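Here's the structure, in structure tokens; my notes come after.
There are 2 protein chains.
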Amino acid sequence: MGAKITLKDLAKILNVSVSTVSKALNDNPEISVETRTKIKELAESYRYVPNNIAQSLKSKSTKTIGVVIPAILLEFFCKVLYGIEKEATARGYKIIICLSNELQQKESESIDTFINGSVDGIILSLAEETQKTKNYSHFYKSMNYHLPMVMFDRVSDEIQCDKVTVDDFHGAHKATKFLYETGCRNIVFVNPIPTISVGQERESGYLEALEELQISPMILNVENYSTIERELSEFLSTNKVDAILAADEYSAVLALNVARLNGYKIPDEISVIGFTNGLMAEHSIPSLTVVSQHAEQIGRESVKALLDRIQGQTTETAHHVVETTIIHRNSTKKLV
Amino acid sequence: MGAKITLKDLAKILNVSVSTVSKALNDNPEISVETRTKIKELAESYRYVPNNIAQSLKSKSTKTIGVVIPAILLEFFCKVLYGIEKEATARGYKIIICLSNELQQKESESIDTFINGSVDGIILSLAEETQKTKNYSHFYKSMNYHLPMVMFDRVSDEIQCDKVTVDDFHGAHKATKFLYETGCRNIVFVNPIPTISVGQERESGYLEALEELQISPMILNVENYSTIERELSEFLSTNKVDAILAADEYSAVLALNVARLNGYKIPDEISVIGFTNGLMAEHSIPSLTVVSQHAEQIGRESVKALLDRIQGQTTETAHHVVETTIIHRNSTKKLV
DNA sequence: GTGAAAGCGCTAACAT
DNA sequence: ATGTTAGCGCTTTCAC
Numbered sequence: 030m031g032a033k034i035t036l037k038d039l040a041k042i043l044n045v046s047v048s049t050v051s052k053a054l055n056d057n058p059e060i061s062v063e064t065r066t067k068i069k070e071l072a073e074s075y076r077y078v079p080n081n082i083a084q085s086l087k088s089k090s091t092k093t094i095g096v097v098i099p100a101i102l103l104e105f106f107c108k109v110l111y112g113i114e115k116e117a118t119a120r121g122y123k124i125i126i127c128l129s130n131e132l133q134q135k136e137s138e139s140i141d142t143f144i145n146g147s148v149d150g151i152i153l154s155l156a157e158e159t160q161k162t163k164n165y166s167h168f169y170k171s172m173n174y175h176l177p178m179v180m181f182d183r184v185s186d187e188i189q190c191d192k193v194t195v196d197d198f199h200g201a202h203k204a205t206k207f208l209y210e211t212g213c214r215n216i217v218f219v220n221p222i223p224t225i226s227v228g229q230e231r232e233s234g235y236l237e238a239l240e241e242l243q244i245s246p247m248i249l250n251v252e253n254y255s256t257i258e259r260e261l262s263e264f265l266s267t268n269k270v271d272a273i274l275a276a277d278e279y280s281a282v283l284a285l286n287v288a289r290l291n292g293y294k295i296p297d298e299i300s301v302i303g304f305t306n307g308l309m310a311e312h313s314i315p316s317l318t319v320v321s322q323h324a325e326q327i328g329r330e331s332v333k334a335l336l337d338r339i340q341g342q343t344t345e346t347a348h349h350v351v352e353t354t355i356i357h358r359n360s361t362k363k364l365v
Numbered sequence: 030m031g032a033k034i035t036l037k038d039l040a041k042i043l044n045v046s047v048s049t050v051s052k053a054l055n056d057n058p059e060i061s062v063e064t065r066t067k068i069k070e071l072a073e074s075y076r077y078v079p080n081n082i083a084q085s086l087k088s089k090s091t092k093t094i095g096v097v098i099p100a101i102l103l104e105f106f107c108k109v110l111y112g113i114e115k116e117a118t119a120r121g122y123k124i125i126i127c128l129s130n131e132l133q134q135k136e137s138e139s140i141d142t143f144i145n146g147s148v149d150g151i152i153l154s155l156a157e158e159t160q161k162t163k164n165y166s167h168f169y170k171s172m173n174y175h176l177p178m179v180m181f182d183r184v185s186d187e188i189q190c191d192k193v194t195v196d197d198f199h200g201a202h203k204a205t206k207f208l209y210e211t212g213c214r215n216i217v218f219v220n221p222i223p224t225i226s227v228g229q230e231r232e233s234g235y236l237e238a239l240e241e242l243q244i245s246p247m248i249l250n251v252e253n254y255s256t257i258e259r260e261l262s263e264f265l266s267t268n269k270v271d272a273i274l275a276a277d278e279y280s281a282v283l284a285l286n287v288a289r290l291n292g293y294k295i296p297d298e299i300s301v302i303g304f305t306n307g308l309m310a311e312h313s314i315p316s317l318t319v320v321s322q323h324a325e326q327i328g329r330e331s332v333k334a335l336l337d338r339i340q341g342q343t344t345e346t347a348h349h350v351v352e353t354t355i356i357h358r359n360s361t362k363k364l365v
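Those sequence lines, one after another, are chains A and B.
Going by our numbering, the first residue of the first sequence is number 30, and it counts up by one from there.
Going by our numbering, the first residue of the second sequence is number 30, and it counts up by one from there.
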């Protein structure tokens with residue numbers, strides 16, 4: 030940072046005290062209109078900008094939100110981020126971003142970065158590793174510092190804080206029922222993320238819907254994306270399937286392609302629904318019916334919840350739920 | 030922020046001075062090993078964390094980089110961001126993100142956010158509106174503050190600062206030549222971004238390649254994505270075309286679909302190459318051959334350039350160029 | 001080896 | 001209406 034002009038400098042130039050300058054620039058009526066304008070003009074001419082760091086130190090408020098997301102190359106998190114930025118900016122807050130890259134270690138480091146006073150609160154979504162190991166010690170640490178925190182999408186019951194989640198349970202439930210209503214009876218649930226909370230919620234919703242419909246479930250958990258195509262292909266050849274519900278976007282697109290390449294007519298012979306309304310789903314062939322999580326809104330809600338807490342307008346920790354919507358495209362049959 | 034423990038608190042507890050505590054925690058040999066360990070243990074037990082704001086004020090360095098990108102929902106910028114975050118974190122820097130949403134006003138506001146001492150430097154890519162209007166006054170403002178700045182991808186000659194760009198010119202040049210080498214002779218350049226620098230560079234590369242090959246160019250500038258399909262469809266029906274070079278990813282995917290839906294065999298009758306190696310290109314049908322800009326590396330290079338300047342290791346402003354690579358997929362013919 | 005004091009840039013209660 | 005002073009939390013020079 031170059032040598033920037035300070036209040037002190039301005040004060041010296043005009044032979045007044047620093048506090049006079051400060052008050053004048055803050056339009057304090059204690060100062061005469063005359064001096065106020067004089068000082069403001071000088072400040073203007075020197076392009077004076079108050080030092081934000083000093084203001085933060087003084088006010089004990091940084092007007093900054095720390096955001097920790099597991100990945101930025103997943104479109105869903107980008108969209109949430111978009112919502113966060115929009116809402117934060119609208120409310121006069123800046124955002125600092127840390128990526129955990131799905132690792133617990135990096136998540137913990139990110140929190141360390143934030144508990145030193147550089148932010149007024151944290152918005153976070155759990156790393157996959159953290160959800161697997163269920164080791165939340167780094168959060169207890171941060172909670173000792175009383176730094177307000179909001180968790181979104183990937184959350185844990187073991188951490189007490191405000192939460193914003195998608196209604197994944199009902200999303201899967203609705204999607205399953207919808208498949209049923211379009212005539213599907215053999216619905217397989219393909220789940221590449223059985224270890225993270227959202228994957229589990231979606232499974233539960235699927236199971237409950239089938240239970241209600243008195244249909245026996247078929248679940249295909251897959252370790253990673255590279256094996257989905259082979260495993261699903263095998264599954265299709267040994268099981269009667271007329272619909273696939275995939276727990277995320279990529280697995281849905283892969284499932285769609287596997288079914289299509291295996292000669293099934295889509296949606297007539299096999300219908301496919303995925304989670305997450307992203308580019309891949311929109312541009313797949315045929316275009317994919319998805320359960321949209323309204324990512325942007327999740328971001329906005331998270332900011333709202335956090336700022337409400339920072340501004341002390343809330344007491345009990347709240348759990349906000351964003352409803353899902355089915356976006357109907359060409360991988361599913363129309364309702365009759 | 031809750032009432033956190035400070036140096037002062039620790040000092041009071043141990044009946045020593047603040048400076049002793051500060052020195053002890055910073056392992057200053059002036060302090061006896063005995064007191065040092067005693068103080069450290071106390072600090073540990075109280076989970077003391079130094080206040081970063083105070084440190085920044087004192088040291089006049091925030092260890093933070095401000096990043097301004099035009100859009101976060103464009104995969105390219107996400108990838109750059111990924112590279113920025115990775116490199117910054119590795120070097121001990123945090124990043125604050127502002128989105129200009131392609132608007133000059135928001136770009137200017139973002140810069141205002143940064144010239145108040147909250148960051149040590151700025152990494153920025155120009156908003157489309159700014160590139161259209163060529164009004165760079167908000168940058169002159171920031172340059173007065175001597176805040177180091179690196180511009181990437183969308184840059185302007187009129188602003189003197191370090192730059193990191195993709196070699197869009199040669200990228201288009203290489204792609205055009207490649208199309209020629211696979212037998213194409215009627216190559217149309219579809220450009221939805223003729224107003225921004227990268228779109229212009231790509232056009233120039235295309236034109237130069239055709240000039241060298243003594244082939245007359247065909248350029249189809251389009252106002253926005255919604256009309257590409259209609260305009261290109263019309264173009265194909267009135268012109269002989271055996272290859273399409275599209276100036277960005279989305280237009281390439283649309284072009285691919287238009288050609289395919291109009292009955293052309295891809296790549297045999299029409300080859301398609303796009304810019305940007307993203308999800309859409311990878312998952313289009315057929316998969317799309319693209320000019321990859323190595324977005325992540327652009328991010329990393331930008332951080333390197335910025336930190337070099339912050340640490341005063343550079344004098345002249347430098348222009349770093351990241352080479353492109355053609356990713357060969359199924360929308361182009363193989364070389365014989 | 002430890003402490004006092006000054007100062008980073010700002011704000012605000014309290015004089016004058 | 002203006003100035004003095006203290007203090008945010010930290011580092012660092014200079015005394016002791």
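Don't be surprised by glycine CBs; every beta carbon is placed ideally from N, CA and C.
These numbers were taken from a predicted model, which means no experiment stands behind them.
Burial state of H175 (chain B) is exposed, judged by a 10 Å Cβ sphere holding fewer than 16 other Cβ atoms. Chain-order list of chain A residues neighbouring K123 (chain B): I125, C127, T142 and S147, by C-beta distance under 8 angstroms.
Taken in chain order, the complete alpha helix (DSSP H) segments of 4 residues or longer contained in the stretch 49 to 109 of chain A are 62 to 74 and 81 to 88. Cβ neighbours of E258 (chain B) within its own chain (closer than 7 angstroms, five residues either side excluded): L283 and V287. By the criterion of a C-beta distance shorter than 8 angstroms, T224 (chain A) is surrounded in its chain by E157, Q160 and K161, once the five residues flanking it on both sides are discounted. The beta-carbon of L110 (chain A) is placed less than 8 angstroms from the nearest beta-carbon of chain B. Secondary structure within the stretch 203 to 228 of chain A: the beta strand (DSSP E) runs of 3 or more consecutive residues, fully enclosed, are 216 to 220 (chain order). When secondary structure is reduced to three states using DSSP, H323 (chain A) falls in the coil class, being assigned neither helix nor strand. Counting of Cβ neighbours within 10 angstroms places K123 (chain B) among the buried residues, the total reaching 16 or more. In the DSSP assignment, A310 (chain A) falls within the unbroken alpha helix (DSSP H) covering L308 to H312. For R76 (chain B), the neighbours in chain A by C-beta distance under 8 angstroms run, in chain order, K170, N173 and Y174.
With its beta carbon less than 8 angstroms from one in chain A, A83 (chain B) belongs to the interface. Chain A places no beta carbon closer than 8 angstroms to that of I299 (chain B), leaving this residue out of the contacts.
The stretch 350 to 359 of chain A makes contact with the stretch 190 to 205 of chain A: 3 or more CB pairs, one atom from each, lie closer than 8 angstroms.
Among the CB atoms of chain B, one or more fall inside 8 angstroms of the CB of P79 (chain A). Judged by beta-carbon spacing, L261 (chain A) lies beyond the 8 angstroms limit of V195 (chain A), meaning their Cβ atoms are not closer than that value.
Taking 8 angstroms as the threshold, the shortest C-beta distance from T91 (chain B) to chain A falls below it. Spanning the alpha carbons of D149 (chain B) and R183 (chain B) requires a straight line of approximately 22 angstroms. In the assembly as shown, G341 (chain B) is an exposed residue. Its beta-carbon has fewer than 16 other beta-carbons within 10 Å.
Put simply, the backbone Cα of C107 (chain A) is about 30 angstroms away from that of E232 (chain B). If you draw a straight line from the Cα of V320 (chain A) to the Cα of S280 (chain B), it is about 26 angstroms long. F181 (chain A) has its alpha-carbon roughly 39 angstroms from the corresponding atom of S185 (chain B). If you check the CB distance, L39 (chain B) and Y75 (chain B) come in under 8 angstroms. Taking a beta-carbon distance threshold of 8 angstroms, E131 (chain B) does not count as an interface residue toward chain A. At least one beta carbon of chain A lies nearer than 8 angstroms to the beta carbon of L102 (chain B). Per the Cβ contact rule, the stretch 290 to 309 of chain B is not in contact with the stretch 82 to 94 of chain B (fewer than 3 Cβ pairs under 8 angstroms). Across the set B:A117, B:K52 and B:I98, the C-alpha of B:I98 shows the shortest separation from the C-alpha of N130 (chain B).
In this structure, the CA atom of G146 (chain A) is about 44 angstroms from the CA atom of I302 (chain A).
Distance check between D337 (chain B) and each of B:R214, B:D141, B:V217 and B:I94 places B:I94 closest, using alpha-carbon atoms only. Assigned with DSSP and collapsed to three states, T118 (chain B) falls in helix.
In the assembly as shown, K363 (chain B) is an exposed residue. Its beta-carbon has fewer than 16 other beta-carbons within 10 Å.
Note that the C-beta distance between G228 (chain A) and A276 (chain A) is below 8 angstroms. The beta carbons of E104 (chain A) and G328 (chain A) sit no closer together than 8 angstroms. In the three-state DSSP reduction, L36 (chain B) falls in the helix class (H, G or I). Exposed is the label assigned to E187 (chain A), since fewer than 16 other Cβ atoms lie within 10 Å of its Cβ. Among the CB atoms of chain A, none fall inside 8 angstroms of the CB of V62 (chain B).
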